[in-house]
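Asker: Attaching a single structure in structure tokens format; questions to follow.
2 protein chains.
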Amino acid sequence: MSACPQVDVALLHAPVVNRRGEVIGSAVTNLDLHDIARACRTFGVDTYWVVTPYARQRELSRQIISHWLDGHGKTANPDRGDALSLIRLRSELTEVLVETRQKWGPDVQVVATCADRASERMSYPYLRKRIFSGQPILLLFGTGWGLAPEVFTLVDATLSPILGSGGYNHLSVRSAVSIILDRVLGEYGDDIRK
Amino acid sequence: MSACPQVDVALLHAPVVNRRGEVIGSAVTNLDLHDIARACRTFGVDTYWVVTPYARQRELSRQIISHWLDGHGKTANPDRGDALSLIRLRSELTEVLVETRQKWGPDVQVVATCADRASERMSYPYLRKRIFSGQPILLLFGTGWGLAPEVFTLVDATLSPILGSGGYNHLSVRSAVSIILDRVLGEYGDDIRK
């Protein structure tokens, strides 16, 4: 349990599904940039990929990020720029797959997340062990009602859903990313998680 | 580890501190209502107390919640109302202390959260054990840069901060609530946390 973690997070705005299971593209939101960047920075994620096919959404995101990296936000709250500097905007997942493999080599493992229960899901302790034994990981999250079915054909594994005390499984993607990063990267519990 | 958890969450908008450590009141935000209610609902929290001294902020919050409980949101996305129904709006912490003690008896333990490291902080496994042995708990979170010093004079204990891989400790309150509820209430890891 000693290798330095190599973990990236990608937030997909397309292709994702809506409430009725239809494949859609969703809008980038300000707090998905901020909250997830802050969680990524806290837990040592290398790059936070924000993926949207819409050029104007990427431009809007670039302007938001620039406010905190170069604009008034830089002096008002430098910690925020520190987190948002992890973001890279891309138009589709395949670009992210190519770039993470350029960075970490061909055996980057792509792990999807999903709120539904199913068999053959990867457990959190297993993923944590893989990460700390030196396996580079790209973690995929979907906005809306989650990643579209076609995304799962591109991944190596899917993580178990986050289970609470009942059947309610409607966490925000911001909460899901935070909890999952804590489970697989958080310092807490190294003593009781190994 | 078998008692049914009795845990409430309170989000304080005053008294909290700003970036310079000054005691202020902060504004209620829509996503603090939604994200934290969804996390509370997922992990079996009984009541999510939203505390602000500003009557117009409570009224605005009431209107937002009402949209999802009674308005168009009820039919568009009933899961959201399911979560937001946990919210109770109050003007100050003392009201929450009185009401949680009316509900669960005089030995409700009030546990603050804080991003700073210090000695004498309660550990997560310890709090988890207390909860599952039947201790009723009120967990306090602060908006802005955290709970004001005077709040800590009213609490029984303060939880350890969430530690990531480095010194960056600027998670959003939405992320912090999600991670802390997962650590102390999440089903995951009962096998490796006990």
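Heads up: the protein sequence lines correspond to chains P and A, in order. Here our numbering is used: the first residue of the first sequence is 26, the next is one more, and so on. Here our numbering is used: the first residue of the second sequence is 26, the next is one more, and so on. Built from N, CA and C at the ideal position, the CB exists for glycine as well. In this text the structure is predicted, and so the values were computed from the model without any measurement.
Counting contacts by CB-CB distance shorter than 8 Å, is K99 of chain P in contact with chain A?
Answerer: The count along the first sequence starts at 1 and reaches residue 99 of chain P at position 74. No, no contact with chain A.
Asker: In this structure, does DSSP put V41 of chain P in helix, strand or coil?
Answerer: What you label residue 41 of chain P is simply residue 16 of the first sequence in a count that begins at 1. Three-state DSSP puts V41 of chain P in a strand.
Asker: For a contact meaning CB atoms closer than 9 Å, what does D107 of chain P contact in chain A?
Answerer: As a position in the first sequence, residue 107 of chain P is number 82, starting the count at 1. The contacting residues are Y193 and H195.
Asker: Inspect the beta-carbon positions of W74 of chain P and V123 of chain P and report whether they are closer than 8 Å.
Answerer: Within the first sequence, numbered from 1, the residue matching residue 74 of chain P stands at position 49. Within the first sequence, numbered from 1, the residue matching residue 123 of chain P stands at position 98. Not in contact: W74 of chain P and V123 of chain P (Cβ atoms no closer than 8 Å).
Asker: What does DSSP give as the partner residue(s) for A137 of chain P in the beta ladder?
Answerer: By 1-based counting over the first sequence, the position of residue 137 of chain P is 112. Partner(s): P:L165 and P:T183.
Asker: Please confirm if H92 of chain P has its CB atom under 8 Å from at least one CB of chain B.
Answerer: Protein chains in the displayed structure are P and A, and chain B is not among them.
Asker: Terminal residues of the continuous alpha helix (DSSP H) containing V229 of chain P?
Answerer: Beyond the ends of chain P as shown, which are 26 and 219, falls residue 229 of chain P; an answer cannot be given.
Asker: Who are A108 of chain A's beta bridge partners in DSSP?
Answerer: If you number the second sequence from 1, residue 108 of chain A lands on position 83. Per DSSP, none; premise fails for A108 of chain A.
Asker: So, are the CB atoms of G192 of chain P and V42 of chain P less than 8 Å apart?
Answerer: For this step, residue 192 of chain P is matched to residue 167 along the first sequence. For this step, residue 42 of chain P is matched to residue 17 along the first sequence. Taking 8 Å as the Cβ cut-off, G192 of chain P and V42 of chain P do not qualify as a contacting pair.
Asker: For T6 of chain A, which residues in chain P fall below 9 Å Cβ to Cβ?
Answerer: Nothing about residue 6 of chain A can be read from this structure; chain A reaches only from 26 to 219.
Asker: Once you ignore the five residues that flank G69 of chain P on each side, which residues in its own chain have a CB closer than 7 Å to its CB?
Answerer: As a working note, residue 69 of chain P is residue 44 in the first sequence. Contacts found: P30 and L210.
Asker: Counting only the same chain and skipping the five closest in sequence on each side, list residues whose C-beta sits under 6 Å from that of G113 of chain A.
Answerer: Sequence index remark: in the second sequence, residue 113 of chain A carries index 88 (1-based). What sits at residue 113 of chain A in the sequence shown is Arg, not Gly. Contacts found: T72 and W74.
Asker: If R220 of chain P and Y151 of chain P are in contact, beta carbons under 8 Å, what's the gap, nearest whole angstrom?
Answerer: For chain P, the structure presents residues 26 to 219; residue 220 of chain P sits outside this window and is missing.
Asker: Please state whether the Cβ-Cβ distance between A137 of chain P and L165 of chain P is less than 8 Å.
Answerer: Within the first sequence, numbered from 1, the residue matching residue 137 of chain P stands at position 112. Within the first sequence, numbered from 1, the residue matching residue 165 of chain P stands at position 140. Contact: yes.
Asker: State the DSSP-derived secondary structure class of Y73 of chain A, mapped to helix, strand or coil.
Answerer: For this step, residue 73 of chain A is matched to residue 48 along the second sequence. Y73 of chain A: strand per DSSP, three-state reduction.
Asker: Answer yes or no: does any C-beta atom of chain A fall closer than 8 Å to that of S203 of chain P?
Answerer: Numbered from its first residue, the first sequence carries residue 203 of chain P at position 178. Judged by the 8 Å Cβ criterion, S203 of chain P is in contact with chain A.
Asker: Look up A33 of chain A in the DSSP assignment and give the residues it is bridged to.
Answerer: Within the second sequence, residue 33 of chain A is the residue found at index 8, counting from 1. The residue you asked about is not Ala; residue 33 of chain A is Asp in the sequence shown. Partner(s): A:L163.
Asker: In angstroms with no decimal places, state the Cα-to-Cα distance between L36 of chain P and P78 of chain P.
Answerer: Residue mapping note: residue 36 of chain P aligns to position 11 of the first sequence, counting from 1. Residue mapping note: residue 78 of chain P aligns to position 53 of the first sequence, counting from 1. Distance between the alpha carbons of L36 of chain P and P78 of chain P is about 12 Å.
Asker: Among residues of its own chain, excluding the 5 on either side of G171 of chain P, which ones have a beta-carbon nearer than 7 Å to its beta-carbon?
Answerer: Along the first sequence, read from residue 1 onward, the residue named residue 171 of chain P stands at position 146. These residues qualify, in order along the chain: V41, V42, C139 and A140.
Asker: Measuring CB atoms only, is the region 80-97 of chain A touching the region 129-136 of chain A, in the sense that at least three cross pairs come out at less than 8 Å?
Answerer: Short answer: they don't touch.
Asker: Sort P:T54, P:L163 and P:H59 by Cα distance to D181 of chain P and report the nearest one.
Answerer: For the purposes of this step, residue 181 of chain P is taken as residue 156 along the first sequence, with counting starting at 1. Ranking the options by Cα distance to D181 of chain P, first place goes to P:L163.
Asker: Residues of chain P with CB closer than 9 Å to the CB of H59 of chain A, please, in chain order.
Answerer: Residue 59 of chain A sits at position 34 when you count from the first residue of the second sequence. Correct list: S197.
Asker: Keeping to the same chain, check which residues put their C-beta closer than 6 Å to that of T183 of chain P; ignore five residues upstream and five downstream.
Answerer: Here residue 183 of chain P refers to the residue found at position 158 when the first sequence is read from its first residue. Within the same chain, T183 of chain P has close Cβ partners A137, C139 and R146.
Asker: If you drop the 5 nearest sequence neighbours on each side, which residues of the same chain put their C-beta closer than 8 Å to that of I204 of chain A?
Answerer: Residue mapping note: residue 204 of chain A aligns to position 179 of the second sequence, counting from 1. So the qualifying residues of the chain are I187 and L196.
Asker: Does the Cβ-Cβ distance between A28 of chain A and G159 of chain A come in under 8 Å?
Answerer: For this step, residue 28 of chain A is matched to residue 3 along the second sequence. For this step, residue 159 of chain A is matched to residue 134 along the second sequence. In contact: A28 of chain A and G159 of chain A (Cβ atoms closer than 8 Å).
Asker: On the DSSP bridge assignment, give the partners of A114 of chain A in chain order.
Answerer: On the second sequence, position 89 is the one that residue 114 of chain A refers to. The question names Ala, yet the displayed sequence has Leu at residue 114 of chain A. BP columns for L114 of chain A point to A:V75.
Asker: Got a sec, what are the start and stop residues for the alpha helix (DSSP H) P174 of chain P sits in?
Answerer: Within the first sequence, residue 174 of chain P is the residue found at index 149, counting from 1. Unbroken alpha helix (DSSP H) run through P174 of chain P: P174 to F177.
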